[in-house]
Every structure is written in structure tokens, then in C-alpha cells.
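Some notes on the structure that comes next.
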Ligand code: PEP
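In our numbering, the protein residues as written are 8 to 258.
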């Protein structure tokens, strides 16, 4: 059976006191609910403290980015091995904010994906189209290209140790969610695209939906056959919302 997952993406939000409060509010309410299905991806400086808070809980943690390089003179960068040192189980790669604001190309994203896997960290590979690309009818082409670069570099079997997140750019942080059917159509396309190369990898792949998921729409999104959970931005910063979304996954 495919693994299901809800992962929070805190983005560049929080401070020590707020994070402690948020996790205190979330941890207790998820205790005993399920193991291995919840995670939060936090800013680098908080990994040490989040690791201490979450180490004996059913919530995993991870980062939102990493360097494609192993080590060396890369001022300001953070390597996969460093994330591993802090117990990261996951790292987000290729988030659309990284692709658009920091010019990360499909090639760089694929390098980061491989760097994470070499260190034993599960990459959460984000793919998704802009509104213009959707309107131009090239959603599938864009997503196929984003996947192809990773598959070409790391091999299709690498997806056995990865998670894919479909995040339409027009739905991220906008309050505009893809309808369950719109999301399902793209998830099914992603699975079909991967199945062309390896059907068992495709069947077992966890594919998350991300883009304005909230407590009020999580259930209907997660009910779709090819949606295996969510990557949650804004709503992961609100304990009641995040807990309700996690509950929707395992209800
Ligand atoms: C995200 O940042 O990955 C995301 C999906 O954000 P939001 O839930 O706020 O749209």
C-alpha cells in the first residue's frame, strides 16, 4: 500500500518561541494517531531545536532546501550531510518559490534531489505549472520535463525513495485551491508518465498535492485515488488547521 504523508512547509516563518508553541499545540493532538505520516519542513536555524522537540514523537522533520554540492567553498549553503546530522528525514527540492525567485533550473533541482538521496534523505520533489502554462494547455509538458530531468539523472527507481508533490503555482499561497478533479487529473498523469518506465515504481509512489490546502478542503482532496496526502504551506503554521489536515489523512 502507498505511504500517505502530510508535510508542513513553514517557509521563512517562525521564531523559537512561536515554533515551540506551535509544536506543543500539534504534538499532543497527533500523539497515537498514526506513525510515519506527518512531517514539518522548517527553516535551517530551527532544525536543532525542532529535532529535540520531535525526536520521540510521531512527527518527522526536514528542511526546505539544500545545496547540490557535497561540501566546500560555497558560502551560505547547507549540505545534505549537515541536514542528516540534524536528523532530517525529508527535504523539499524544487519548490516553485526556489525555481522562480532563486532561478533553480530543472538541472539544479535534479542535482539537489540526488544530493539528498546520497545522504539518505527523502527528497520531496515539487513540480507544477504556472497559470499561464495551464492556460496555454502545456501543464503536462511542463511537468513531464520537470520529472524527466530527475529521472534521467537519478534513474526511475530512485523514485522508490522519494516523494513527489504536485503544486500548481497559481494555487500556492493564493487561497485558490485546485479542485479535487483538477488535482487528480495531474496526479494521474504523473503516475502514468512514470509508469511508462516502471509501473511498480509508479504504483508505489507517494504523490502529494500542495496549493492552499486547508482543514476545509483536505478531506475531499485526499479522497481522490491518486492523491496520497499534502504539502501544506500557510495552514501548517496554524495548529488547529494543521492537526485537522493530518486527521483528514488518516480518518
Ligand atoms: C507550499 O508552500 O508548498 C504551499 C502549498 O503553500 P500554501 O499551502 O500556503 O498554498
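From the three backbone atoms N, C-alpha and C, an ideal C-beta is built for every residue, glycine too.
Can residue i and residue j be called in contact, C-beta distance under 9 Å?
{"i": "residue 48", "j": "residue 131", "result": "yes"}
{"i": "residue 14", "j": "residue 154", "result": "no"}
{"i": "residue 65", "j": "residue 44", "result": "yes"}
{"i": "residue 11", "j": "residue 256", "result": "yes"}
{"i": "residue 73", "j": "residue 98", "result": "yes"}
{"i": "residue 161", "j": "residue 121", "result": "yes"}
{"i": "residue 208", "j": "residue 202", "result": "yes"}
{"i": "residue 54", "j": "residue 90", "result": "yes"}
Report the option in the options whose CA atom is closest to the CA atom of residue i.
{"i": "residue 96", "options": "72, 119, 127 and 28", "result": "127"}
{"i": "residue 236", "options": "246, 251 and 245", "result": "251"}
{"i": "residue 234", "options": "123, 187, 163 and 60", "result": "187"}
{"i": "residue 18", "options": "40, 52 and 225", "result": "52"}
{"i": "residue 225", "options": "166, 212 and 240", "result": "240"}
{"i": "residue 29", "options": "244, 255 and 257", "result": "244"}
{"i": "residue 61", "options": "26, 170, 8 and 253", "result": "26"}
{"i": "residue 139", "options": "170, 105 and 178", "result": "178"}
{"i": "residue 137", "options": "92, 129, 173 and 115", "result": "173"}
{"i": "residue 168", "options": "129, 221, 87 and 204", "result": "129"}
{"i": "residue 200", "options": "150, 221, 230 and 223", "result": "150"}
May I ask which residues mark the beginning and end of the alpha helix (DSSP H) holding residue i?
{"i": "residue 120", "result": "113-125"}
{"i": "residue 193", "result": "187-202"}
{"i": "residue 128", "result": "Unbroken run through residue 128: none, as it is neither H nor E."}
{"i": "residue 76", "result": "Note, residue 76: premise wrong, no alpha helix (DSSP H); not H, not E."}
{"i": "residue 67", "result": "No alpha helix (DSSP H) holds residue 67; the beta strand (DSSP E) holding it covers 66-70."}
{"i": "residue 33", "result": "23-37"}
{"i": "residue 255", "result": "246-257"}
{"i": "residue 7", "result": "Examination of residue 7 is not possible in this model, given that the chain is present from 8 through 258 alone."}
{"i": "residue 211", "result": "206-211"}
{"i": "residue 12", "result": "From DSSP, residue 12 is part of no alpha helix (DSSP H) but of the beta strand (DSSP E) over 12-16."}
{"i": "residue 54", "result": "54-61"}
How should residue i be labelled, buried or exposed, when 16 other C-beta atoms within 10 angstroms of its C-beta is the threshold for buried?
{"i": "residue 175", "result": "buried"}
{"i": "residue 75", "result": "buried"}
{"i": "residue 125", "result": "exposed"}
{"i": "residue 123", "result": "buried"}
{"i": "residue 148", "result": "exposed"}
{"i": "residue 109", "result": "exposed"}
{"i": "residue 104", "result": "buried"}
{"i": "residue 39", "result": "exposed"}
For residue i and residue j, what's the separation of their Cα atoms in angstroms?
{"i": "residue 156", "j": "residue 32", "result": "40 Å"}
{"i": "residue 227", "j": "residue 248", "result": "15 Å"}
{"i": "residue 180", "j": "residue 102", "result": "13 Å"}
{"i": "residue 182", "j": "residue 190", "result": "15 Å"}
{"i": "residue 113", "j": "residue 232", "result": "28 Å"}
{"i": "residue 219", "j": "residue 164", "result": "30 Å"}
{"i": "residue 185", "j": "residue 242", "result": "16 Å"}
{"i": "residue 50", "j": "residue 134", "result": "21 Å"}
{"i": "residue 100", "j": "residue 119", "result": "7 Å"}
{"i": "residue 9", "j": "residue 210", "result": "8 Å"}
{"i": "residue 254", "j": "residue 222", "result": "9 Å"}
{"i": "residue 106", "j": "residue 152", "result": "14 Å"}
Could you pull the start and end residues of the beta strand (DSSP E) that residue i belongs to?
{"i": "residue 82", "result": "Segment: none, residue 82 is in no beta strand (DSSP E) and carries neither H nor E."}
{"i": "residue 45", "result": "45-48"}
{"i": "residue 170", "result": "170-173"}
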